[in-house]
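Visitor: Below you'll find the structure I mean.
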């Protein structure tokens, strides 16, 4: 049976992970400060506890994702706090600002070149009758990569969207 999306806003597996992280946070809170949270805990108390926990995770060199999910676990358990944990989230943002920015490369350049050469070869040597498909596909792949296009943007690309040197006034 499918879950009711309004009653259960997260999957069972994710809910289980959040529950585990909440238990870990709550256990740390009780052992460190002899404090427990409840549905009636003030937002100020919860924020202070989470800020200290995020600081602990940071100093312990744990992944920042644990801090994010720990805050989410509290929001999941106590929905009334969902929009009231800004100070705790600020600690996570501060931590994230220290982390090196890593852009995910959609495809390694050597793989792109290999696919490009393979597509040209397919269009010229193996399937010359289909060159009208293989060659534009190869060029499209290279253009998409160089222009950081998403697949949908590449599919909608028309000649009028591309400016080449000969389009400029005064060019040869």
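Numbering (the numbering used here), first residue to last: 70 to 241.
Think of the CB as a built atom: it goes at the ideal place given N, C-alpha and C, for glycine as much as any other residue.
Owing to the predicted nature of the structure, the values given are computational and were not obtained by experimental measurement.
Taking buried to mean at least 16 other C-beta atoms within 10 Å of its own C-beta, is residue 203 buried or exposed?
Guide: buried
Visitor: I need the straight-line Cα distance from residue 189 to residue 171, nearest angstrom please.
Guide: 32 Å
Visitor: Check whether the segment 138-148 and the segment 76-88 touch, using three or more Cβ-Cβ pairs below 8 Å as the test.
Guide: yes
Visitor: What's the C-alpha gap between residue 173 and residue 185?
Guide: 21 Å
Visitor: How many Å lie between residue 95 and residue 70 at the Cα?
Guide: C-alpha of residue 95 to C-alpha of residue 70: approximately 32 Å in a straight line.
Visitor: Applying the criterion that 16 or more other CB atoms from any shown protein chain within 10 Å of the CB defines a buried residue, is residue 215 buried or exposed?
Guide: exposed
Visitor: In angstroms, rounded to a whole number, what distance separates the CA positions of residue 272 and residue 219?
Guide: This structure cannot speak to residue 272, because the chain is shown only from 70 to 241.
Visitor: So, is residue 193 buried or exposed, given that buried needs 16 or more other C-beta atoms within 10 angstroms?
Guide: exposed
Visitor: Between 217, 210 and 106, which has its C-alpha nearest residue 142's C-alpha?
Guide: 106
Visitor: Around the Cβ of residue 217, are there at least 16 other Cβ atoms within 10 angstroms (buried) or fewer (exposed)?
Guide: exposed
Visitor: Alpha carbons only, please: which of 116, 130, 176 and 129 is nearest the one belonging to residue 151?
Guide: Residue 151 has its Cα closest to that of 116, out of 116, 130, 176 and 129.
Visitor: Give the straight-line distance between the Cα atoms of residue 138 and residue 73, rounded to the nearest whole angstrom.
Guide: If I take the Cα positions, the gap works out to 23 Å.
Visitor: Who are the near neighbours of residue 181 in its chain, counting only those whose CB is closer than 8 Å to its CB and skipping five residues on each side?
Guide: 210, 211 and 214
Visitor: Below 8 Å on the Cβ atoms is my contact criterion, and I expect residue 120 with residue 82 to pass it. Report the Cβ-Cβ distance as a whole number of Å.
Guide: Not really, about 28 Å apart at Cβ, beyond 8 Å.
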